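The structure appears below as structure tokens.
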Amino acid sequence: MEIHHDTDALLEELEQFRKEKEKIRNLVGKIGGAASTKRNKAANIIFVSLIIGLLCLDILRHFVGVAVPLPPLFSLEAGILLVSIKIIWMIHKQTKVEHFQFWILNSIEYRLNDISNRIQQIEKNTESKK
1 MEIHHDTDAL LEELEQFRKE KEKIRNLVGK IGGAASTKRN KAANIIFVSL
51 IIGLLCLDIL RHFVGVAVPL PPLFSLEAGI LLVSIKIIWM IHKQTKVEHF
101 QFWILNSIEY RLNDISNRIQ QIEKNTESKK
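Going by the working numbering, the residue at position 20 of the sequence shown is 20; the numbering climbs one at a time, nothing skipped.
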């Protein structure tokens, strides 16, 4: 009878592990899944293209003498704005990662405390049976 009880407890724990694993998989997908990576690459390409475009326009204006319809400091101001936006976006992404890491560590701590309590309870049960 006790072996059957242990088997049921192990099966229940295995099912709990599977649920937690699926929950973590879903969270990882939300934070940094394939769609997020594609979006990041696209945004990086857009930022770099815009900055290179502004640089090319400035080079044309100053070294080639082509009349560019933008004010002289516009490319500098726009470049600073684009870099600032990119830095803010990177900070936002890093905050999401840190939150996820905190959640994982908190979950691990909870599980460790739970296991510790179970071990203490088992030790008390074995001592009382002696």
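Where a beta carbon is used, it is the ideal one built from N, C-alpha and C, also for glycine.
A quick note: this is a predicted structure, and the numbers were derived from the prediction, not measured.
- Under the three-state reduction of DSSP, glycine 65 is assigned to coil, being neither helix nor strand.
- With a 10 Å radius around the Cβ and a threshold of 16 neighbouring Cβ atoms, serine 116 comes out exposed.
- In the three-state reduction of the DSSP assignment, leucine 70 falls in the coil class.
- In this structure, leucine 60 lies away from glycine 79, with their beta-carbon atoms at least 9 Å apart.
- The criterion of a C-beta distance shorter than 9 Å is satisfied by leucine 57 and valine 68.
- Leucine 73 is not a Cβ neighbour of leucine 50, given a cutoff of 9 Å.
- For isoleucine 88, same chain residues with a beta-carbon under 6 Å away, outside a window of 5 residues either side, do not exist.
- Glutamate 22 and glutamate 15 have their C-alpha atoms spaced approximately 11 Å apart.
- One alpha carbon belongs to leucine 76, the other to phenylalanine 63, and they sit about 16 Å apart.
- A straight-line Cα-Cα distance of about 27 Å links phenylalanine 17 and serine 36.
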